[in-house]
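Note that the numbering used here gives residue 412 to position 405 of the sequence shown, counting from 1, and the numbers run on in steps of one.
For glycine and all other residues, C-beta sits at the position ideal for the given N, C-alpha and C.
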Amino acid sequence: MSKLKESGFDHTLTMLKEGYTYIPNRTEKYQSPIFFNRVLGGKPCAIISGKEAAELFYNNDLIERKGTMPKRIVKTLFGKGAIHTTTGKVHIDRKALFMSLMTDENLSLLRQITKDAWENEVDSLIKVNEVNVYKKSSEVLTKVGLKWAGIEDTPKNIDKIAKEMDLMIDSFGQLGGAYKGYRAAQKARANVEAYLQNQIKKVRKGKLKPRENSALYAFSHWKDMNNKPMDLALCAVDLMNVIRPLVAINRFVTYGVLAIHEFNGEKDKLKFGTDDYVYQFVQEVRRFYPFVPYLPGKAKKKLTFDNQKIKKDQMILLDVYGTLHNEKLWEYPNRFDPTRFENWDGSPFDLIPQGGGDYHTNHRCAGEWMTIIIMEETMKFFTRTISFEVPPQDFTVDLTKLPGKVASGMNIRQVQALNN
Ligand code: HEM
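Structure below.
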């Protein structure tokens, strides 16, 4: 038996129980960037960590991603046929559609929509006694997402869709857990999909005319490499894959506000510093706090990594959280230090909170630039537009719980508008 192999028949439960700490604990124990265990009913799995691991993982000739995501995540989170589950030419063809939305014009628009959306909230934030940042940002970001995607509706309908989206996303936290939450999430997903299908139908018939550079327009009119329009159900699924993850940025927002509170000096550095500093702060939030723990794939052929053999078709997990806290890549990785990004070389294989590799040919997150922009504007809002107090609460970020979050969701109170 390899010295790098965990004993036992299945480690799925242990992995869930230990959460983000599971892999780093073992790479530390074995002093190795690879070790082996068994998951999902005893399937042999190679777990790889670090920059070289990410380079291997994003080599399309060696690693297959299709069919490796747990079915339950695909069903509730991504949707049937979603881009995440595609491979080869189909993936590259559809990914081009997503990436075509990331123009300078569209990204500037997103920045403006985010700024306006937060500024519109100032009065209501002042009026209430206490604000839960996690909840509030989910609401604000849903509106940002829908507007940016070109979906306009009555405030009542937008509110309704925002609530269902929240339900759908939150169920992710109950992975492997409550069946009831899973059912509720599936129902919410069905409702949102039906709503989006209806919007797409109207655009196709010319009854709705969204902005030409919007996601709704692009998805409704897109033709694949065989010159075929997207099937209506699939079109709604992937349109949702633009809006839903945007709302999930609320987790980073919550972490950002926690960092402002917990780390001395950060508030003033954001408030009085340059936009470069805001960017560095956002990058550090994405590196430092737990979000995506690992990503699944499988070996397309026999492989060797760090002198260890991986069999063809063997399952492989890329350690995302551990790579973001690897001391060979990040000096004092457990220290929150935005200045580490002052001279970062922009490698596609070390800062991988949203996947790595190439945007167009790998599964790397299509919305990474959007995430950074939304976070930048939101952190500016919380430091330059308003002031607030932070009451006593549970600030724990429990690394053994997936997905990570601040226990309290970050409550703030006594919000005041700053005179700029
Ligand atoms: C909270 C912030 C976000 C996180 C943590 C996140 C994380 C990720 C991760 C880990 C992947 C998979 C990488 C892989 O499989 O190699 C991914 C893919 C993807 N993300 Fe994000 N994401 C976020 C925000 C966004 C936003 C705002 C969008 C909006 C466009 C987006 C759209 C996508 C799409 C379409 C894919 C699939 C790409 C593909 O399969 O090629 N994400 N994201």
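Quick one: is residue 16 buried, meaning 16 or more other Cβ sit within 10 Å of its Cβ, or exposed? Burial is judged here by how many other beta carbons sit within 10 angstroms of a residue's own beta carbon; residue 16 has fewer than 16 and is exposed.
Own chain residues within Cβ distance below 8 Å of residue 423, not counting five before or after: Excluding positions up to five away in sequence, the list reads 133, 393, 394 and 395.
Quick check on the burial criterion: 16 or more other C-beta atoms within 10 angstroms. Buried or exposed for residue 293? Residue 293 comes out buried.
With a threshold of 16 other CB atoms inside 10 Å of the CB of residue 273, please say whether the residue is buried or exposed. With 16 or more other Cβ atoms within 10 Å, it is buried.
Buried or exposed (CB count within 10 angstroms, at least 16 for buried), residue 144: It is buried - the Cβ of residue 144 has at least 16 other Cβ atoms within 10 Å.
Quick one: what does DSSP say residue 395 is sitting in, helix, strand or coil? Residue 395: strand per DSSP, three-state reduction.
Is residue 101 near residue 93, with beta carbons less than 8 Å apart? In this structure, residue 93 lies closer than 8 Å to residue 101 by Cβ.
Strictly by DSSP, which residues pair up with residue 49? Looking at the DSSP assignment, residue 49 forms no beta bridge with any residue, so it has no partner.
Heavy atom of the ligand HEM less than 7 Å from the Cβ of residue 255, yes or no? Distances taken from the Cβ of residue 255 to the heavy atoms of the ligand HEM include one shorter than 7 Å.
So the candidates are 407, 414, 416 and 390; which of them puts its Cα closest to the Cα of residue 425? Closest option to residue 425, judged by alpha-carbon separation, among 407, 414, 416 and 390: 390.
Relative to the C-alpha of residue 313, which candidate in 59, 25, 27 and 52 has its C-alpha closest? Among 59, 25, 27 and 52, the Cα nearest to that of residue 313 is on 59.
Quick one: residues in its chain with C-beta nearer than 6 Å to the C-beta of residue 125, no 5 flanking neighbours on either side, listed in chain order? Closer than 6 Å at the Cβ level, and outside the excluded window around residue 125, lie 388.
Among 29, 34 and 40, whose alpha-carbon lies nearest the alpha-carbon of residue 46? Residue 29 is the option with its Cα nearest to residue 46.
I'd like the ranges of any alpha helix (DSSP H) spanning at least 4 consecutive residues and lying wholly in the stretch 189–229. With a minimum length of 4 residues, the continuous alpha helix (DSSP H) runs that stay inside the stretch 189–229 are 222–228.
What is the C-beta distance between residue 86 and residue 244, in whole angstroms, given that I count them as a contact (C-beta under 8 Å)? Right, their Cβ atoms sit about 3 Å apart.
Can the beta-carbon of residue 412 be found closer than 8 Å to that of residue 202? In this structure, residue 202 does not lie closer than 8 Å to residue 412 by Cβ.
Beta bridge counterpart(s) of residue 323 as assigned by DSSP: Residue 323 is bridged by DSSP to 53 and 304.
Which listed residue (25, 112, 156 and 19) has its alpha carbon closest to that of residue 251: Taking only the C-alpha atoms, the option nearest residue 251 is 156.
For residue 42, which of helix, strand or coil comes out of DSSP? Of the three classes helix, strand and coil, the one that applies to residue 42 here is strand, per DSSP.
Between which two residues does the beta strand (DSSP E) containing residue 420 stretch? Annotation: the continuous beta strand (DSSP E) that includes residue 420 extends over 418–424.
Please state whether DSSP places residue 139 in a helix, a strand or coil. In this structure, residue 139 counts as strand in the three-state DSSP scheme.
One or two residues paired with residue 3 in a DSSP bridge: The first residue shown for the chain is 8 and the last is 427, placing residue 3 beyond what the model contains.
Residue 175 versus residue 247: straight-line alpha-carbon distance, rounded: Looking at the two C-alpha atoms, the distance is approximately 11 Å.
Relative to the alpha-carbon of residue 270, which residue among 367, 20, 410 and 344 has its alpha-carbon at the smallest distance? Residue 344 is the option with its Cα nearest to residue 270.
Quick check on the DSSP output: the alpha helix (DSSP H) that includes residue 87 runs from which residue to which? Where residue 87 is concerned, there is no enclosing alpha helix (DSSP H), because DSSP gives it neither an H nor an E.
Check the DSSP bridge columns for residue 12 and list the partner residues they point to. Residue pairing from DSSP places residue 12 in a beta bridge opposite 43.
Which residues DSSP lists as bridging residue 252, in chain order: Its beta-bridge partners do not exist; DSSP assigns none.
Sheet register partners of residue 280 (DSSP bridge): DSSP lists no partner for residue 280.
May I ask you to check if the CB of residue 228 is nearer than 7 Å to at least one heavy atom of the ligand HEM? No, the ligand HEM has no heavy atom inside 7 Å of this Cβ.
Compare the Cα-Cα distances from residue 69 to each of 308, 377 and 123 and report the closest residue. Among 308, 377 and 123, the Cα nearest to that of residue 69 is on 308.
Evaluate contact between the stretch 165–173 and the stretch 276–287, counting only Cβ atoms and requiring at least three cross-stretch pairs below 8 Å. As far as the Cβ criterion goes, the stretch 165–173 does not touch the stretch 276–287, which means the pair count is below three.
Going by beta-carbon coordinates alone, are residue 54 and residue 63 separated by less than 8 Å? Taking a C-beta distance under 8 Å as the contact criterion, residue 54 and residue 63 do not qualify as a contact pair.
Tell me the rounded alpha-carbon separation between residue 130 and residue 138. Near 12 Å, if we compare the C-alpha coordinates of residue 138 and residue 130.
Rounded C-alpha distance that separates residue 181 from residue 296: Low confidence applies to residue 181: its pLDDT is 47, below 50, so where it sits in the model is not reliable, and the reading given next is rough at best. When rounded, the distance between both Cα atoms is 19 Å.
Any heavy atom of the ligand HEM closer than 7 Å to the CB of residue 237? For the ligand HEM, not one heavy atom lies less than 7 Å from the Cβ of residue 237.
For residue 105, does the count of other Cβ atoms within 10 angstroms reach 16, so buried, or fall short, so exposed? It is buried - the Cβ of residue 105 has at least 16 other Cβ atoms within 10 Å.
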